[in-house]
Amino acid sequence: MKTIKLKINGIETEAEDRTPILTIANRLGIKIPTLCNHPIIEPYGVCRVCTVEVRSGKRVRMVTACNYPAVNGIEVFTDSERVRRDRKLIIELLMSRCGHVPVIEQLAAEYGITEPQFGRGDDDCILCGLCVRVCQDVIGAKVLGFFSRGTTREVSTAYGETSEKCIACGACAYVCPTGAIQIENDEAMVQKELPLGPLTPVSIPFMQAVPHQPVIDRDSCAHFKTGGCKVCEMVCEPKAIDHKQQDRIEEIEVGSVILSTGFKSFDAHKMPQFGYGNYQNVLTGLEFEKMNSASGRTGGKITLADGSEPKSVALIHCVGSRDEHFNRYCSRVCCMYALKFAHLIKEKTNAEVYSFYIDMRCFGKGYEEFYDRLLEEGVRFIRGKAALVTDFPLDDTEVGKLVVRAEDTLLGQVRRVPVDMVVLCTGLEPADGVQEVAHLFHISRSPDGFFLEKHPKLAPVSTATDGVFIAGACQGPKDIPDTVAQASGAAAQVLSMMGRGEIEVEAATCYVEEERCAGCRVCNTLCPMDAISFNEEKKKTSINDVLCKGCGTCAAACPSSAIVPRHFTDIQMLAEIEGALYDVRSTL
Amino acid sequence: MAKRVEVLACTGTGCVAGGSYDVASAIAAEAQKKGLSDEVQVIRTGCQGFCARGPIVIVQPDNIFYCGVEKKDAALLVEEHLLKGRPVKKLLYTPPEGKAPVPALKDIPFFAKQRLVVLRNRGLIDPEKIDDYIAVDGYTALAKALTEMTPEQVLDEVKRSGIRGRGGGGFPAGVKWESARNAGIHRGVEPVVVCNADEGDPGAFMDRSIIECDPHSVVEGMIIGARAIGTKEGFVYIRNEYPIARERLTKALEQAREYGLLGKNILGSGMDFDIKIVQGAGAFVCGESTALMASLEGNVGEPRAKYIHTVEFGYKNRPTNLNNVETWANIPLIINRGAKWFASMGTGDVSENPWNGSSGTKVFSLVGKINNTGLIEVPMGISLREIIFDIGGGIPGGHKFKAVQTGGPSGGCLPESSLDMSVDFDTLTEAGSMMGSGGMIVMDDETCMVDIARYFIEFLTDESCGKCTPCREGLRQSLALLQRVADGKGKPGDIDLLQGLASMMQDCCLCALGTSAANPVLSTIQNFRDEWEAHINERRCPGGVCKELIQFAIDAEKCDGCHACVRPCPGEAITGEVKKLHALDLTKCTKCGACIEVCKRDAIHKVQRSDWRAAA
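Top line first, the protein sequences correspond to chains L and E. Numbered by my numbering, the letters in the first sequence go through residues 59 to 646 in order. Numbered by my numbering, the letters in the second sequence go through residues -15 to 600 in order.
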């Protein structure tokens, strides 16, 4: 492209032919005021505040810097007397329309306007068109436009009605220089959206995310909805954004696997007596946890569905745990997190807290001491399983409240406790898909559904299958310290395997006599250790000596007797039997 | 076969409003009744130009000019003139000061000093018959341009004629054509030609008349232009408020297509070209070129920065050549009679550089306080005095000339001292006004210059698109200020403030609507400052127009109680017994002026309220 030479305020500089004067001035650090200009939107040139003086030979022109294309040999004056005179009048005219808008008042101060001679108007829209242009050209939703002509010109949606096409991206409010457009937070909507959606289309998923980098959520990203926007790409300096990325499937060969597939929460819908899904102010433990997070929807505030603060909260323990109808086991973490919630509620609000428990399981370091502290904070502990949560009032104190009906076993009475909010301490269950994962890795599950460890005391992170380890909640409900410990343990086991160089294997393994193998593959699916593989080229089965534990299932099944169990061949077995029956051989 | 007598009845919009369709039909019917159908041809022509005296009928070859003809006069006209050869005296034109009628067209001063180039066919042909146009050498220029000249030669002819844009900009058309052609070749994008028939200036009807009286001249011009520039596509953007013009143009296009003059393979030359009519929707700003193109594309008619020229990137980003109706109508004659002939009319020497002068003629709509209101065409360089007094017949009612406004809302007011000024692009611009599209409004001593400025600013405030701050807010504040001055609430610093605003708007507005909005204000301040100061310092309106500053009063000496003023008064403000002095209730008087118009004793006057108060 052609390079041209020009002068700005006496400074000689070069630029690409037809670059707007404003771009060149910005590069040189020369400040020209603008109102209707924005880096991500095409220049519009309507506020006229960026007017500058351009001399070309004898000809003098007043032009707008934002869109006037520079040509060779021009001299630009951005702050001459004529420019300042014109700009001052334009600012005063803007004040006659929008006299109390901060960005205009700031400009007025810079140009020495103390008494605007056309008065101060009460409008807050300067008709810069940034919102219209960002919505139409950048985002592509095309919701906002200009209507009417001349002094009655205004920005609006079609017919002034709320538009269905508005995707609430907030771009209009973001670019508006006067604050005339505001985003309103619908508090009730916020509560509903609580569980797990991302906060914005591009965000770091949570504070502890690894890698600590933003990701784009396809469902809320404007580009995937309208084909427009991609503002993030425009402003990313290292050009790290690519909307066209797709999921990839990669195959990696490894020697060992650690399964840490976690858990899922018990679905509180299964216990309709607690009203979850029916009453807006009944939450699960995880939902309440999300609400309390400082990076969450409410910024950490504890609020009811309508945005107000609760005056009383009930915590119901053992929802879905220690329950013969659902899970008989104890989920281990619920008592402690219930205590944590109770503490948070006391810290953040003045609410009364009622904790309905069966037993208080505070087994860990400092846990019991924490429970003592809560007793002092005035949390009311009621020993008894809650039976019911209802909004049907039986007297005046229960009107507009959620009533928890529980048996107080220490008092020996059935109580009705009216509260504003109920938190269900839902238990932990095996994650979805554990059946498929277990099958894939040839490991078993215990009766409670979690992965089966090799030995509950001596080998809690190993499985019956060599090389496959388990760690964390997938092995059984546990809290974070225990999970970390298990993870370290599993990692250590893997490292020791890798670092050993040689391992001792079972002596009694099976092997395949190739000449005998017919390639029928009956044995392939039988091996519980996943030690058998099939060679497609040779059409022969072979056994991995390291994985084989010598159970003999394959040997028993092979119709050609091609599989030989070492130390347990037919001849050896028969010889052992003979030897065992030696003393009584004559009587046979 | 030409008939013995041709009766040319004007059917321009003005005369149509006066009933000229009925007049024409009545004459034809009468002629038939008298058995003269084989000898008499009644032709409905376009605007004859002398609109003050419509409906007009001209009888040829006798060259007799009749004006104010009504349906009931048809019988007399046919009987006396067509049958017996005796012109009807009472229908002839009688000049205001004279007693004797002037029968012959060529003797009437209104027509005598005009030079018809663009309006050459007015009053001669039926605009709805292409054969009439062809009979007067129509489309011969097109044939010449297609068969005897290359596109470059056509372009060169137009360049050397020096013709400058008749829409007001005064930009040399040949230069514009060349830029569009070159842009098309350089960018590899086909250009497009557009005709600007939006004519928004209040009081201007030149373009309307041209299309109504001779639409084919515009069509032919555009086809020649398309040949020179190299395009197949043309548009006419015509304003919503011109239904008759649009109808006649539509018919003209249809007839041209039938005759193979539009469409594919024009005259067998291999050139394809067609024209589409696009209608405006009532926005003055759409006369501005970038706003027009936005509207043509189907978008809101809003201008954009002209730093990127529309000759390179215009309609749908194609090189676009936009010319005014009058400019296009000149083209066929330039081709037929040559650039030298065209340049021989007008001022300056444009043979080397079109900016050196103003060649050719200009059509003006002469309106306001003038005897001969109508449409005229004069060579460039004629003086204002000749136009207003010789052609226009001077100021009616014995009043004195005060000012003439040219160029519509973008132009300025010129005082008596400018009367001998040459009417051409550059002289007018230097004097603080501009040629504009040809509106010429004459004002007398009963016009208030502050009110004129206020009127134009009010017009522009309403028509401003509102996109840029200086125009939208500047006009709003200017109007408020002007209204205050007109209401007698002006303050001493107001003139300076208005000038400051005007100056800023000239610098900073996005389009010509804004940058030229200052002109009416600035020119009236410059040329009639005394009136401004009278309004501000003395609360007086010398022209007797600004309602807050004047009052009506009945002159006790002159009123004879004839009672004529009582009925017309809308506020029922006048009371009195017949033959006795009447009284005017000032609280009911709306100052409409109806009473003054009907009073034959000249007994009602406007007085300055400030005088009256002083007297009281």
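Note that the Cβ used here is the ideal one computed from N, Cα and C, for glycine as well.
| query | How would you list, in chain order, the residues of chain E whose beta-carbon sits under 9 Å from the beta-carbon of Pro127(L)? | reply | Tyr291 and Ile292
| field | Rounded straight-line distance, which links the Cα of Glu361(E) to that of Leu75(E) | value | Straight across, the Cα-Cα distance linking Leu75(E) with Glu361(E) is about 25 Å.
| Quick one: is Phe421(L) buried, meaning 16 or more other Cβ sit within 10 Å of its Cβ, or exposed? | exposed
| What beta strand (DSSP E) runs, 3 residues minimum, are completely inside the stretch 106 to 192 of chain E? | Scanning the stretch 106 to 192 of chain E from its first residue to its last, the whole beta strand (DSSP E) runs of 3-plus residues come out as 176 to 181.
| What does Ile148(L) touch in chain E if you count any residue whose Cβ is under 9 Å from its own? | Thr453, Pro454, Glu457, Gly458, Met488 and Cys492
| task | Report back the beta-carbon spacing between Val550(E) and Ile538(E) to the nearest angstrom; my notes put them in contact at under 8 Å. | result | Not really, about 12 Å apart at Cβ, beyond 8 Å.
| said: Determine, for Cys449(E), whether the minimum Cβ-Cβ distance to residues of chain L falls below 8 Å. | reply: yes
| request: Please decide whether Val104(L) counts as near chain E, where near means a Cβ-Cβ distance under 8 Å. | output: yes
| task | For Phe176(L), go through chain E and note every residue whose CB falls closer than 7 Å to its CB, in chain order. | result | Gln461
| Can you name the residues that DSSP bridges to Cys(-6)(E)? | Note: Cys(-6)(E) sits in a beta bridge opposite Thr29(E).
| Inter-residue Cα distance where the pair is Glu367(L) and Arg438(L) | 19 Å
| query | Which residues, in chain order, does the stretch 201 to 224 of chain L contribute to contact with chain C at a C-beta distance below 8 Å? | reply | Annotation note: the requested chain C is absent from the structure, which comprises protein chains L and E.
| query | What are the boundary residues of the beta strand (DSSP E) that includes Met120(L)? | reply | Arg117 to Thr122
| task | Sort out for me which residues DSSP pairs His589(E) with in a bridge. | result | Ala537(E)
| According to DSSP, is Ile79(L) helix, strand or coil? | helix
| said: DSSP three-state label for Gln338(L), please. | reply: coil
| field | Cβ contact check for the stretch 606 to 613 of chain L and the stretch 630 to 646 of chain L: 3 or more pairs under 8 Å | value | In short, these stretches do not touch, since the Cβ pair count stays below three.
| request: Report yes or no: do the stretch 171 to 181 of chain L and the stretch 142 to 153 of chain L share at least 3 C-beta pairs separated by less than 8 Å? | output: The stretch 171 to 181 of chain L makes contact with the stretch 142 to 153 of chain L; the number of CB pairs closer than 8 Å reaches 3 or more.
| query | Identify the residues that DSSP records as bridge partners of His547(E): which are they? | reply | Bridge partners of His547(E): none, in fact.
| task | Specify, as a first and last residue, the run of the alpha helix (DSSP H) that Ser554(L) falls within. | result | Ile538 to Arg558
| request: Compute the Euclidean distance between the alpha carbons of Tyr429(L) and Ala400(L), then round it to the nearest angstrom. | output: 10 Å
| message | Quick test of your reading: Lys406(L) and Ile360(L), contact by CB under 8 Å. State the CB separation rounded to the nearest angstrom. | response | 5 Å
| Which value, in whole angstroms, describes the spacing of the CA atoms of Leu66(E) and Leu245(E)? | So the alpha carbons of these two residues sit roughly 38 Å apart.
| Should the stretch 313 to 331 of chain L be called in touch with the stretch 529 to 542 of chain L, which here means at least 3 C-beta pairs below 8 Å? | yes
| field | 8 Å Cβ cutoff, Asp110(E) in contact with chain L | value | no
| query | Which stretch, first to last residue, makes up the beta strand (DSSP E) that contains Arg230(E)? | reply | No beta strand (DSSP E) contains Arg230(E), which is instead part of the alpha helix (DSSP H) from Pro227 to Glu242.
| message | What would DSSP say about Lys260(E), mapped onto helix, strand or coil? | response | strand
| Three-state class that DSSP yields for Val611(E) in the structure shown | Only positions -15 to 600 of chain E appear in this structure, which leaves residue 611(E) out of reach.
| Straight-line CA distance for Asp524(L) to Pro263(L)? | 35 Å
| said: At a CB distance below 7 Å, what residues from the stretch 432 to 446 of chain E approach chain L? Give them in sequence order. | reply: Within the stretch 432 to 446 of chain E, those residues whose Cβ lies closer than 7 Å to any Cβ of chain L are, in chain order, Thr445 and Asp446.
| query | CA-CA distance, Ile118(E) and Thr124(E)? | reply | 8 Å
| For Lys65(L) and chain E, any beta-carbon pair shorter than 8 Å? | no
| query | Bridge partners of Gln389(E), per DSSP? | reply | Cys397(E) and Ile425(E)
| request: Spell out the partners DSSP gives Cys568(L) in its beta bridges. | output: Pro623(L)
| request: Please decide whether Gly484(E) counts as near chain L, where near means a Cβ-Cβ distance under 8 Å. | output: yes
| request: Express the C-alpha separation of Ser351(L) and Pro253(L) in angstroms, rounding to a whole number. | output: Since pLDDT at Pro253(L) reaches only 47, below the 50 mark, its modelled position is unreliable, and the value read off the structure follows with that caveat. Across the structure, Pro253(L) and Ser351(L) are spaced so that their CA atoms are roughly 12 Å apart.
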